[in-house]
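Okay, so here's the structure we're looking at.
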Amino acid sequence: CMWRVWATYLVLAANLSEEQVPKQACPSCDDTQLCNCSSMGLDFIPQGLTGKITVLNLSHNRIEHIRSQDLQHAVNLRALLLQSNKISSIDEDSFHSLGKLELLDLSNNSLAHLSSVWFEPLFSLQHLHLQGNSYRDLGGSSPFSSLRNLSSLHLGNPWFSTIRRGNFEGIEVLDKLWIDGGNLRQYEPGSLKSVKKINYMIINLRNTNLFSAVVSDLLHSVEWLEVREMKSEKAKLSLVQNSTGPFRIRKLTFKDFSVTDQYISQMLVLLKEIKSLEELEAIDCVLQGTGSWNMEEITRSGQSSIQTISLVNIMIPSFHLFTDLDGIQSQVTNVKRLTIASSRVFLVPCRLARYFSSLLYLDFYDNLLVNNHLHETVCKDAWPSLQTLNLSQNSLKSLKQTAISVTRLPKLINLDISQNNFGDIPDVCEWPQTLKFLNLSSTQIPKLTTCIPTTLEILDVSANSLREFGLQLPLLKELYLAKNQLKTLPGAVSIPNLVAMSVRRNKLNSFSREEYICDSPLAVRGAQVGAVHLSLMECHRSLMVSLICVLVFLVILVLVGLSHKYHTVWYLRMTWAWLQAKRKPKRAPAKDICYDAFVSYSENDSDWVENIMVRELEQACPPFRLCLHKRDFVPGKWIVDNIIDSIEKSHKTLFVLSEHFVQSEWCKYELDFSHFRLFDENNDAAILVLLEPIQSKAIPKRFCKLRKIMNTKTYLEWPLEEEKREMFWENLKGALKS
């Protein structure tokens, strides 16, 4: 029966190991849809996950293994975040109940392989993050074949080295695909052709030899391709290869590139073969050359179809040796939009500028352009079709010289020269007659002059030090004056066609009423401001509401103060107690009398009451039954009902009077709720015991009947002399029996 022994052992071992698994909990998962267990030092997925949870964040923990039962009850999960753990293994059916899952993040873990079995139940999955693991390939087939609704996929890692045909079978359309293939060494041609449409793809690719094969597979599917980290090496490139158009790719971005003159020459020729390519972008790249490109080959390859070129943060270590790129005409003739930003450009050779015959938009944002060289960058016949020019955040210091330079642009409509340091400006400047938009914001202009062109429809002079605006601009429609020192609004006569004006963050205190018309309230829209007379409420509605709220608060505060001073609350309580008491019989039946006396006393006198009086009376022969609030009140019952019930169930009410009694809130309540019934019905029901001499004047005026009794009725005084105390007890007992 050895097999039975082994079977028993295995069952016991399994049960024992199950019991030894630490039961880790996540408090935020209790009865909530959003469960955040991030950075809690968890070694396991917490137990007790229910169908209520839709988002489960387990990132930045120490989870190493996902078991079959861990997520079996989380059937409504939409997002599962497991990034930055130590996951190295996943049971095959761990995700079998997650049919509604839309986002799965397994990035930055220790997965050495990917299994299609994991993803088979995830038919609703749209976003999958697998980057930063340790797998070297995607296996022999596609791990994503069942993910028909996948929209974005991010995969790869520093050890990822191989992509095979069939790895992406099952995926037809992706909005975004990101492959971290910095160390990719093998790419089987056709691997990415199975994906029919990709809107945006990023691939980190250092191996230049693989670039041609990857691009060739993507020409018909990708709309925007971004290639990162590639270094130019001596390699024979061929992008189109045997592919035929039409192609889908519209935009190509190179980021974190380091390229040589030879590589650029070869690339410019090859890109002309991609007739669908319209936009070329380079970001954070280094040009290791001097511009010695093979212009003959570039020219011989024909015209380029690229219309938009963006160069951002481009570094040229040997910029002082760089050529004027004579012969580049074929590459730039059709370019309509050119951006060269944050690239330390201080001059563009006039000959090169003249090649851009079709350029409509030119952006030189954040460079080193100066007025002394601007005449070279914007020389005669340069940029002949230009309509929009951005020279913001450069080193321009003369508005007059800047204006003279741009007059060479006969079709210029929009000019942005903001964030330069012009300072004082002259009275007269020469501008293009076509100029309609001028941005002079943040240029440290203290005062505007007639240097500003009268042809403008939009003027932005925000963030300067202007104290007034009095320019005659008859065509102006939009005026931006924010962040200045204006104290009065501009006169409307000088800007009759103005539609919109921004004047926030100024020091305005007046404006010409005769020159402006009202927009609101609706009842006066279109009328001149000077002819409209609105009430204070209409003009300052928010202020009036605030004032009313303050007045209401002050009235309530005064009423509360008066109520406290004149004991209004006390009288209301007394009235309520009296009304309640009036509903009840005048006296309780004899069978309902439970006590000989209800004792009302101050807590400061409790030592005398509880240790002297109670002992003397309750140990008498026969004993008296006393009702004490501390001992006989019903717990949880309203204090008002406790007091009234205790008085009604007692033959007498015994007041132990002292200075403490008069000041006690507790005693005040007992007097409050007993006063009417006690003294309206039978004055003999009250027994007054004075522990110390007290004047009737010391009793609050609102206890008028109590004051009257003290003035007209005999009361018992606690004697200081020992020999008189026996008589005191006899008199008290006699009063209780009466």
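Numbered according to mature numbering (1 follows the signal peptide of the UniProt record, and there is no 0), the sequence shown spans residues -19 to -1, 1 to 719.
Heads up, the beta-carbon is just placed ideally off N, CA and C, and yes, glycines get one too.
One question on the structure: do residue 377 and residue 351 come within less than 8 angstroms of each other, judged by their Cβ atoms?
As a working mapping, residue 377 is identified with position 396 in the sequence shown. As a working mapping, residue 351 is identified with position 370 in the sequence shown. Contact: yes.
With burial defined as no fewer than 16 other Cβ atoms inside 10 Å of the residue's Cβ, what is the status of residue 620: buried or exposed?
As a working note, residue 620 is residue 639 in the sequence shown. The residue in question, residue 620, is exposed, as its Cβ has fewer than 16 Cβ neighbours within 10 Å.
What would DSSP say about residue 91, mapped onto helix, strand or coil?
One-based indexing of the sequence shown puts residue 91 at position 110. Residue 91 falls in the coil class under three-state DSSP.
According to DSSP, residues forming a beta bridge with residue 262
Taking the first residue of the sequence shown as position 1, residue 262 is located at position 281. 234 and 291.
Is it the case that the segment 380 to 394 contacts the segment 415 to 430, given that we only count it when at least three CB pairs across the two stretches are under 8 angstroms?
yes
Identified DSSP bridge partners for residue 509
Mapped onto the sequence shown, residue 509 falls at position 528. In the DSSP output, where bridge partners are listed per residue, residue 509 has 498.
Residue of 591, 367, 699 and 357 minimising C-alpha distance to residue 331:
Start at 1 with the first residue of the sequence shown, and residue 331 comes out as number 350. When only C-alpha atoms are compared, the closest one is 357.
Rounded to whole angstroms, what is the Cα-Cα separation between residue 528 and residue 474?
Locating residue 528 in the sequence shown gives position 547, where the first residue counts as 1. Locating residue 474 in the sequence shown gives position 493, where the first residue counts as 1. Each residue's alpha carbon lies about 37 angstroms from the other.
Proximal residues to residue 304 (C-beta, below 7 angstroms), its chain only, five neighbours per side dropped
In the sequence shown, counting from the first residue as 1, residue 304 sits at position 323. Only 271, 272 and 273 meet the Cβ criterion.
Do you know offhand how far residue 61's Cα is from residue 37's?
Sequence index remark: in the sequence shown, residue 61 carries index 80 (1-based). Sequence index remark: in the sequence shown, residue 37 carries index 56 (1-based). So the alpha carbons of these two residues sit roughly 5 angstroms apart.
Counting pairs of beta carbons, one from the segment 147 to 161 and one from the segment 179 to 197, are three or more of them closer than 8 angstroms?
yes
DSSP three-state label for residue 579, please.
Within the sequence shown, the letter at position 598 stands for residue 579. The answer is strand: DSSP assigns residue 579 an E or B state.
Length of the line joining the Cα atoms of residue 320 and residue 291
What you label residue 320 is simply residue 339 of the sequence shown in a count that begins at 1. What you label residue 291 is simply residue 310 of the sequence shown in a count that begins at 1. For residue 320 and residue 291, the distance between alpha carbons rounds to 5 angstroms.
As assigned by DSSP and simplified to three states, the class of residue 401:
Within the sequence shown, the letter at position 420 stands for residue 401. The answer is coil: DSSP assigns residue 401 none of H, G, I, E or B.
Measure from the alpha carbon of residue 314 to the alpha carbon of each residue in 275, 267, 534 and 365, then state which is nearest.
The sequence position of residue 314 within the sequence shown is 333, counting from 1. That would be 365, whose Cα lies nearest to the Cα of residue 314.
Contact between the segment 451 to 467 and the segment 485 to 498 is defined here as three or more beta-carbon pairs at a separation below 8 angstroms; is this criterion met?
yes
Buried/exposed call for residue 412, threshold 16 Cβ in 10 Å
Residue 412 sits at position 431 when you count from the first residue of the sequence shown. By the neighbour-count rule (16 or more Cβ atoms within 10 Å), residue 412 is buried.
Let's test the definition: count the other Cβ atoms within 10 Å of the Cβ of residue 209 and tell me whether it reaches 16, buried, or not, exposed.
Here residue 209 corresponds to residue number 228 of the sequence shown, with the count starting at 1. Buried, because 16 or more other Cβ atoms sit within 10 Å of the Cβ of residue 209.
Residues of its chain near residue 391, where Cβ-Cβ distance is below 8 angstroms and the 5 sequence neighbours each way are ignored:
The residue labelled residue 391 in the question sits at position 410 within the sequence shown. So the list reads 365, 413 and 415, once near-sequence residues are dropped.
Confirm, please, whether the CB-CB distance from residue 92 to residue 127 is below 8 angstroms.
Indexing the sequence shown from 1 puts residue 127 at position 146. Indexing the sequence shown from 1 puts residue 92 at position 111. No, the Cβ-Cβ distance between residue 127 and residue 92 is not below 8 angstroms.
For residue 115 and residue 237, the rounded distance between their alpha carbons
For the purposes of this step, residue 237 is taken as the residue at position 256 of the sequence shown. For the purposes of this step, residue 115 is taken as the residue at position 134 of the sequence shown. C-alpha separation (whole angstroms): 24 angstroms.
In this structure, how does DSSP classify residue 473 when only helix, strand and coil are distinguished?
For the purposes of this step, residue 473 is identified with residue 492 of the sequence shown, where counting begins at 1. Three-state DSSP puts residue 473 in a helix.
What does the alpha-carbon distance come out to for the pair residue 153 and residue 166?
Your numbering for residue 153 matches position 172 in the sequence shown. Your numbering for residue 166 matches position 185 in the sequence shown. Whole-angstrom Cα-Cα distance: 25 angstroms.
Tell me which same chain residues have a C-beta within less than 6 angstroms of the C-beta of residue 264, skipping the five on either side of it?
Here residue 264 refers to the residue found at position 283 of the sequence shown. The answer, listed in chain order, is 236 and 293.
When you compare only the Cα positions, how much space is there between residue 54 and residue 113?
Counting from 1 along the sequence shown, the entry for residue 54 is found at position 73. Counting from 1 along the sequence shown, the entry for residue 113 is found at position 132. Those two C-alpha atoms are separated by around 29 angstroms.
Does the Cβ-Cβ distance between residue 72 and residue 49 come in under 8 angstroms?
Residue numbering aside, residue 72 sits at position 91 when the sequence shown is read from its first letter. Residue numbering aside, residue 49 sits at position 68 when the sequence shown is read from its first letter. A contact, by the Cβ cut-off of 8 angstroms.
Bridge-paired residues (DSSP) for residue 114
Counting from one through the sequence shown, the residue named residue 114 turns up at place 133. DSSP, once it has assigned bridges, lists no residue as partnering residue 114.
Note down the Cα distance separating residue 95 from residue 124, rounded to an integer number of angstroms.
Along the sequence shown, one-based indexing puts residue 95 at 114. Along the sequence shown, one-based indexing puts residue 124 at 143. The straight-line gap from Cα to Cα measures roughly 7 angstroms.
Option in 611, 25, 66 and 40 with minimal Cα separation from residue 51
Reading the sequence shown from its first residue, position 70 is the one you call residue 51. Ranking the options by Cα distance to residue 51, first place goes to 25.
Check whether residue 57 and residue 32 have beta carbons under 8 angstroms apart:
Numbered from 1 along the sequence shown, position 76 holds the residue referred to as residue 57. Numbered from 1 along the sequence shown, position 51 holds the residue referred to as residue 32. Going by C-beta atoms, residue 57 is nearer than 8 angstroms to residue 32.
Considering only DSSP beta bridges, list what residue 211 is partnered with.
Mapped onto the sequence shown, residue 211 falls at position 230. Its beta-bridge partners do not exist; DSSP assigns none.
Quick check on this structure: which residue in 282, 20, 599 and 696 has the alpha carbon closest to the alpha carbon of residue 639?
One-based indexing of the sequence shown puts residue 639 at position 658. Nearest option by C-alpha distance: 696.
In three-state terms, what does DSSP make of residue 2?
One-based indexing of the sequence shown puts residue 2 at position 21. Any answer about residue 2 is weak, because its pLDDT of 43 lies below 50 and its placement is not dependable; what the coordinates show is given next. If DSSP states are grouped into helix, strand and coil, residue 2 belongs with coil.
Between residue 278 and the rest of its own chain, which residues show a CB-CB distance below 7 angstroms, the 5 nearest in sequence each way excluded?
Reading the sequence shown from its first residue, position 297 is the one you call residue 278. Within the same chain, residue 278 has close Cβ partners 246 and 250.
Entirely enclosed beta strand (DSSP E) segments - the segment 97 to 146, minimum 3 residues:
Counting only unbroken stretches of 3 or more residues, the beta strand (DSSP E) elements lying wholly within the segment 97 to 146 are 108 to 110 and 133 to 137, in sequence order.
If you draw a straight line from the C-alpha of residue 604 to the C-alpha of residue 617, how long is it?
As a working note, residue 604 is residue 623 in the sequence shown. As a working note, residue 617 is residue 636 in the sequence shown. Rounded to the nearest angstrom, the two C-alpha atoms are 29 angstroms apart.
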